[in-house]
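Chemist:
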Amino acid sequence: MNTRFELAGPLTDIRSYPQWTQDMVADCDRVKRTVVEHELWDLMRSGALGADGTANFMVGIWPVIERFPGYMAQSLLKTRYGRSEGDNLARRWLVRNIRVEQNHAEYWLDWAEGAGVPRQQVLEGTPPYGTQALANWLEEISSRGSLAAGIAASNYAVEGATGEWSQIVYDSREYQGLFPQNTRKASLRWLQLHAAYDDTHPWEALEIVCTLLGASPRPEEVAHIGECIKRSYRSMCISMDSCYRGLRLQEEGASFQVVAAA
Ligand SMILES: [Fe+2]
C-alpha cells in the first residue's frame with residue numbers, strides 16, 4: 378500500500394505536492410498551453426468568431442456543460458466511505474461540489490443568448506462534427522476509469538484549463554463591450570464564475586488525486602493519470618478547433634462542411 382500523502386504547504390503551490398506530481402504537472406503543461414493559448418479565444422475576444430463560429434461553440438460545448446455534474450456523480454458512485462482517506466475526501470468534495478454546479482448550465486444558456494445564440498438552438502441544435510471529442514472522453518473516463526483518473530481528467534484538467542481560458546476572455550474589455558450594458562452582467566456570469574482568479578477547485582481535485590494515489594505511487598499509475606490529463610487537454614483542443622476550423626475550410630472552398638448548429 379502506498380504511503381500517506383500530505384500537503385507540504387499551501388494547497389495552491391505546486392511545491393507542496395510530491396515530486397511525482399510536480400513532474401507530471403510540468404509534463405502536461407505543454408499540452409495544456411495548446412488549450413489556454415488556443416486561437417479561438419482571440420477570435421472570441423475581438424468579436425471575429427462570427428455568428429456561425431459562436432453558435433458552433435455554444436452548441437458544441439453545451440453537452441459537456443450540461444453533463445459536468447453527471448461526470449462528478451459517476452465519480453461519486455465509485456467512492457466508498459471508510460475505504461481510504463482518498464475515498465472519504467473525494468466523497469465529501471464531490472457531494473458538496475455537484476451542488477455548486479447546479480446553476481452553471483443555466484448560466485451557459487444566458488451567455489449563449491447574450492452572444493446571439495437562442496437557448497432553443499443550444500438545447501436542440503446538433504453539435505458540430507468534432508466538438509463531441511471532449512464530451513465523449515469525459516463520459517468514458519468518468520464511467521469506466523478509476524476514481525483518480527476521472528477526477529484528474531475532469532475536475533483537475535478541464536476545470537483548470539477552463540479557469541485560465543475563461544479569465545482570458547472575461548478580462549477582455551473588448552469582449553465585454555460586445556454585450557449591451559443592461560444584460561452584460563447576466564450574460565457573462567458563467568465566464569466570471571469560471572475565470573480562475575482565486576479558484577481552488579482544480580487544486581482541490583489534484584489534492585484528491587494525490588491522496589488516492591498516496592505519496593509514492595507506481596510509475597505506471599502516475600503515467601496513466603498524466604495521460605488522462607493530457608487526453609482531456611487534447612480533447613478540449615479538438616473540440617475548440619471544430620468550432621471554427623470547418624468554417625474556415627468552407628470559406629476557402631474546401632469540401633469539408635461543419636454541421637450547422639441550427
Ligand atoms: Fe461549472
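Sequential numbering from 378 applies to the sequence shown in my numbering. Each residue gets a CB set at the ideal place from its N, CA and C atoms; glycine is no exception.
May I ask you to report which of helix, strand or coil DSSP gives A385?
Modeler: Taking the sequence shown and counting its residues from 1, the one referred to as residue 385 is at position 8. Coil, per DSSP.
Chemist: Can you find the residues in the same chain that come closer than 7 Å, C-beta to C-beta, to S619, ignoring five residues on each side of it along the sequence?
Modeler: For the purposes of this step, residue 619 is identified with residue 242 of the sequence shown, where counting begins at 1. The residues are G437, P505, Y506, G507, T508.
Chemist: With a cut-off of 8 Å on the beta carbons, I'd call L515 and Y448 a contact; round off their distance for me.
Modeler: Counting from 1 along the sequence shown, the entry for residue 515 is found at position 138. Counting from 1 along the sequence shown, the entry for residue 448 is found at position 71. With a Cβ gap of about 5 Å, L515 and Y448 count as contacting.
Chemist: Helix, strand or coil for D390 per DSSP?
Modeler: Translated into positions along the sequence shown, residue 390 becomes position 13. The answer is coil: DSSP assigns D390 none of H, G, I, E or B.
Chemist: Any heavy atom of ligand 1 closer than 7 Å to the CB of E597?
Modeler: By one-based count along the sequence shown, residue 597 stands at place 220. For ligand 1, not one heavy atom lies less than 7 Å from the Cβ of E597.
Chemist: Since S616 and L486 should fall inside the 8 Å C-beta cutoff, what is the C-beta to C-beta distance between them, to a whole number of angstroms?
Modeler: As a working mapping, residue 616 is identified with position 239 in the sequence shown. As a working mapping, residue 486 is identified with position 109 in the sequence shown. No, S616 and L486 are not in contact; Cβ-Cβ is about 18 Å, not under 8 Å.
Chemist: Which whole-angstrom value describes the C-beta separation of A592 and T380, a residue pair presumed to lie in contact below a C-beta threshold of 8 Å?
Modeler: Along the sequence shown, one-based indexing puts residue 592 at 215. Along the sequence shown, one-based indexing puts residue 380 at 3. A592 to T380, Cβ: 4 Å. Contact.
Chemist: Following the continuous alpha helix (DSSP H) through T508, name the residue where it begins and the one where it ends.
Modeler: To locate residue 508, count along the sequence shown from 1; it is residue 131. Note, T508: premise wrong, no alpha helix (DSSP H); not H, not E.
Chemist: Buried or exposed: D576, going by 16 or more other Cβ atoms within 10 Å of its Cβ?
Modeler: On the sequence shown, position 199 is the one that residue 576 refers to. Looking at its Cβ environment, which holds 16 or more other Cβ atoms inside 10 Å, D576 is buried.
Chemist: For ligand 1, I want to know if E478 counts as a neighbour, meaning its beta carbon is within less than 7 Å of at least one of the ligand's heavy atoms.
Modeler: As a working note, residue 478 is residue 101 in the sequence shown. Yes; taking the cut-off as 7 Å, the Cβ of E478 has a heavy atom of ligand 1 nearer than that.
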